[in-house]
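K.L.:
Would you mind keeping the following structure in view while I ask a few things?
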Amino acid sequence: MRVLGIETSCDETGVAIYDEQKGLIANQLYTQIALHADYGGVVPELASRDHIRKTAPLIQAALQEAGLNAEDIEGIAYTAGPGLVGALLVGSTVARALAYAWNIPAVGVHHMEGHLLAPMLEQNPPDFPFIALLVSGGHTQLIRVEAVGRYELLGESIDDAAGEAFDKTAKLLGLDYPGGAALSRLAEQGDPTRFHFPRPMTDRPGLDFSFSGLKTSAANTLRQLIEQENGLSEQAKADIACAFQQAVVDTLAIKCRRALRQTGYKRLVIAGGVSANRQLRHSLSEMMQQLGGKVFYPQPQFCTDNGAMIAYAGLLRLKQGQKQDLSIEVKPRWAI
Ligand code: KG4
Ligand code: ZN
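If you're matching positions, the sequence shown starts at -10 in our numbering and goes up one per residue.
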């Protein structure tokens, strides 16, 4: 089976084709980051309009990349939520209209299930069951994964998502939106011993997270330094970035270890934009080595939003016999 996947939940238009036999045979991505940069965050209306401009050309480009015609596509998967309602409506409308015209099934995919299954696109995918740590701009979740479609939410952030905390702290440090990756590069120049920020909610039982206080710790430190030193040196910014990143990574690692202990699982999957973070990958790899287990993560281009993960998740869903009628429905909020 050959599935076209369409992702338009936020500020990336992703279109990909996944072939059951050959794997990923086309992957097109257009990012709107430059469009939203001046506003310091994603502007929903601008995002929807840009998806309208880009979705159809990217579908054509994906077919061309794979050397296929429309008749060769046997199913369409699209992100049905969670995400920005206008952006979701663009992808779902295009997907369902094409499915109707091409007389093939369409299936709506949960965006976080797409992230969760992204490590399956790699050479050595994890076997089931595993613990998944999903860390994106909108979500931070720990999920017990028994099989495709059998998910139990073990814990999640009660306020900011990890990526959101990275982006807000990056903004404080004067970095452009979304600043997660830039903050992480800055942190590499930082002195890890200069500042220490709290590891929120690690001193009590449970698997929930809270990251909004960390941004406040960074803001307070920043203000004190500016008062004491009449400005902020590049080194001081790097030191704050380093302490912030270390606090997030340690907190995530502590909760992953707890989830693994609680379930007895030996496999950990990390996915979503923040799973591209080198420090996080390094820490979790070391931890899993100590625990005699293994960590799995997607290559960086499949950590952030993309069409490939949606095509793949859709293929699995379609093979399970799932498909929807062609009425158009999206879910801006949707529990996994
Ligand atoms: O999964 P994603 O592309 O979009 C959502 O579904 O939200 O995640 C985007 C998030 C942003 O907050 C971005 O700053 C963060 O992932 N991110 C990173 C890194 N690369 C992307 N955060 C920390 N370190 C990185 N290397
Ligand atoms: Zn995402």
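Each residue gets a CB set at the ideal place from its N, CA and C atoms; glycine is no exception. All values derive from a computational prediction rather than experimental measurement.
So, with DSSP's three-state summary, where would you put Glu111?
P.N.:
In the structure shown, Glu111 sits in coil (DSSP, three-state: anything other than H, G, I, E or B).
K.L.:
Measuring straight from C-alpha to C-alpha, what distance separates Gln10 and Gly103?
P.N.:
19 Å
K.L.:
Taking Tyr140 as the reference, give the member of Ala151, Leu105, His128 with the closest Cα.
P.N.:
Leu105
K.L.:
Should Ser272 be counted as a contact of the ligand ZN given a C-beta to heavy atom distance under 6 Å?
P.N.:
For Ser272, the shortest separation between its Cβ and any heavy atom of the ligand ZN does not lie below 6 Å.
K.L.:
Counting Cβ pairs closer than 8 Å, one from the region 245 to 257 and one from the region 115 to 123, do we hit at least three?
P.N.:
Inter-segment contact for the region 245 to 257 and the region 115 to 123 is present: three or more beta-carbon pairs are separated by less than 8 Å.
K.L.:
For Ile14, which residues of its own chain have a beta-carbon under 6 Å away from its beta-carbon, when the five flanking residues on both sides are left out?
P.N.:
Ile6, Asp8, Ala55
K.L.:
Let me check you understand the geometry: is the CB of Thr293 closer than 6 Å to at least one non-hydrogen atom of the ligand KG4?
P.N.:
yes
K.L.:
Classify Leu315: buried if its beta carbon has 16 or more other beta carbons within 10 angstroms, exposed otherwise.
P.N.:
exposed
K.L.:
By the 10 Å Cβ neighbour count, where 16 or more other Cβ atoms means buried, how is Gln130 classified, buried or exposed?
P.N.:
buried
K.L.:
Would you tell me roughly how many angstroms separate the C-alpha atoms of Ser199 and His99, rounded to the nearest one?
P.N.:
23 Å
K.L.:
Determine the closest residue to His40 out of Gly30, Gln313, Gly70, Thr2, with distance taken between C-alpha atoms.
P.N.:
It is Thr2.
K.L.:
Does at least one heavy atom of the ligand ZN sit under 6 Å from the Cβ of Ser146?
P.N.:
no
K.L.:
The ligand ZN and Ser125: does the residue's C-beta get closer than 6 Å to at least one heavy atom of that ligand?
P.N.:
Because some heavy atom of the ligand ZN lies under 6 Å away, the Cβ of Ser125 counts as near it: yes.
K.L.:
Between Ala170 and the ligand KG4, is there a pair consisting of the residue's CB and a ligand heavy atom that are separated by less than 6 Å?
P.N.:
yes
K.L.:
Under a three-way DSSP split, which group does Glu216 fall into?
P.N.:
Correct three-state label for Glu216: helix.
K.L.:
Sort Lys43, Gly152, Glu111, Ser(-2) by Cα distance to Ala76 and report the nearest one.
P.N.:
Ser(-2)
K.L.:
Taking only runs of the beta strand (DSSP E) that begin and end inside the region 120 to 169, which ones reach a length of at least 3 residues, in chain order?
P.N.:
129 to 136, 139 to 145
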